[in-house]
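0 is the number of the first residue of the sequence shown in numbering that gives the first Met the number 0; add one for each residue after it. Each residue gets a CB set at the ideal place from its N, CA and C atoms; glycine is no exception.
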Amino acid sequence: MKKTISLVLALALAFAGNMNVYAEEKPEKIVTAMDSYSGEIIENNVPLNISEDKISFVYQGQPYVFPIEEININTNDGRNIEGANFYSGNNGDLICNVVEYNGKYCVQVVNTSQSIAARKINEKDNFTMICGDASEKTTKAVSNTLKLENKKMNPAGKVSTELDTLAAGSTYNLYVFVSCKSFPFFISGGSAEGSAKSTKSSGSNYKVTGVKYSVTYNWPSDGVSLWYDYQNSKVACESPAWPSAQTTSIPGTWTINGNTGAFQAEATGSFLIKNIPVMNTHYSVCNMDGTSR
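Structural data, given as structure tokens:
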């Protein structure tokens, strides 16, 4: 009997020893937060918890909690990578979008009350986190990719300083379009398209009418928007969080100062970098005279 007990103990200790070795060899899940637009790494080892209906984390010392639910934004066009799951939830103006792929996550937080220009200088409310068995090399690859994608957007356009000299009554076509389907290792994403007419009235003001939008396969943060003050996020009108895929008009007339206003479209896509899902928002912006910003 003593021999039997000794054998059982020996086997138990050996099994426990193997479990410890396995635990030591298993890669640690790393959560890294970075600026969604510049790609700069902001914080490592972010405490993050994800359940079926909630996501919570502490970022820059601030606790965040979002109720989330699964959504279906798969493009189903044969080009996307299958096997990903998509979730979204909001807490006030903050929207939290989540992509899961093979137990690895990308979390994107967006302040939807802000224009892209304002989001870029507010990393407190606008950031991206990756969670998985990510090495430092992988994290840098994600960071560099976000930097490159941001450069493609040509963010530093200039507003004309000669708007007052334009003839009153001159009419311009405003058009913005962006698509996420050009991503390498594409998982899912859609497009956003907007059009409008602007007519020079007096001083640097324009009358904007005929605003239309079409948004497909979208996250709730995607859409088309017209801004009174683009830098300071004073919105004139915008598409809803879950618009119909068909082209839709927004009735109304808005007086927009050409020195401060802008027309914007944005769409968010997801793709893989070293088997880590990553989200990125593409955008298109134009001035009131139709020139690209």
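When C-alpha distances from Gln61 are compared across Glu68, Cys130, Glu39 and Leu47, the shortest belongs to Leu47. Judged by beta-carbon spacing, Gly268 lies beyond the 8 angstroms limit of Met287, meaning their Cβ atoms are not closer than that value. For Val141, the secondary structure class from DSSP, reduced to helix, strand or coil, is helix. If the five residues before and after Thr247 are omitted, its C-beta is found closer than 8 angstroms to the C-beta atoms of Lys211, Tyr212, Ser213 and Ser238, all from its own chain and listed in chain order.
Taking each of Ser283, Thr290 and Gly38 in turn and checking the Cα distance to Ile115, the smallest one comes out for Ser283. Note on geometry: alpha-carbon atoms of Asp34 and Thr127 lie some 6 angstroms from one another. If you look at Ala235, you'll find it isn't in any alpha helix (DSSP H); it sits in the beta strand (DSSP E) that goes Lys233 to Glu237. Contiguous beta strand (DSSP E) elements confined to the region 35-117 occur at 40-43, 47-49, 53-58, 61-66, 68-70, 83-90, 93-100 and 103-110, taking only those with 3 or more residues. Beta-bridge partners of Cys285 (DSSP): Phe262 and Ser291. The beta carbon of Asn90 sits closer than 6 angstroms to the beta carbons of Phe65 from its chain, once the five residues preceding and following it are set aside; these are given in chain order.
Shown here, Asn256 sits in a strand according to DSSP, grouped into three states. Considering only Asn143, Gly251, Gln59 and Val207, the residue with the shortest C-alpha distance to Asn125 is Gln59. For Glu81, there are no CB contacts under 7 angstroms within the same chain when 5 residues up- and downstream are skipped. Looking at the backbone, the Cα of Gly257 and that of Ser197 are separated by about 10 angstroms. In the same chain as Asn217, and ignoring 5 residues on each side of it, the C-beta atoms closer than 6 angstroms to its own belong to Gly189, in chain order. Taking C-alpha positions only, Glu42 is separated from Phe56 by approximately 12 angstroms. In the three-state scheme derived from DSSP, where H, G and I count as helix and E and B as strand, Asn149 is classed as helix. Within the same chain, Asp92, Ser232 and Val234 come within 8 angstroms of Ser112 by CB-CB distance, once the 5 residues on both sides are set aside.
Residue Val30 holds the alpha-carbon nearest to the alpha-carbon of Gly102 among Glu192, Asn279, Pro250 and Val30. Just so you know, the alpha carbons of Thr290 and Ile72 end up roughly 32 angstroms apart. For Glu192, the enclosing beta strand (DSSP E) has its first and last residue at Ser190 to Lys199. A residue is called buried once 16 or more other Cβ atoms fall within 10 Å of its Cβ, and Gly202, having fewer, is exposed.
By DSSP's assignment, Cys130 forms a beta bridge with Val30 and Tyr104. Boundaries of the beta strand (DSSP E) harbouring Tyr227: Gly222 to Asp228, taken from the DSSP string. Assigned with DSSP and collapsed to three states, Lys211 falls in strand.
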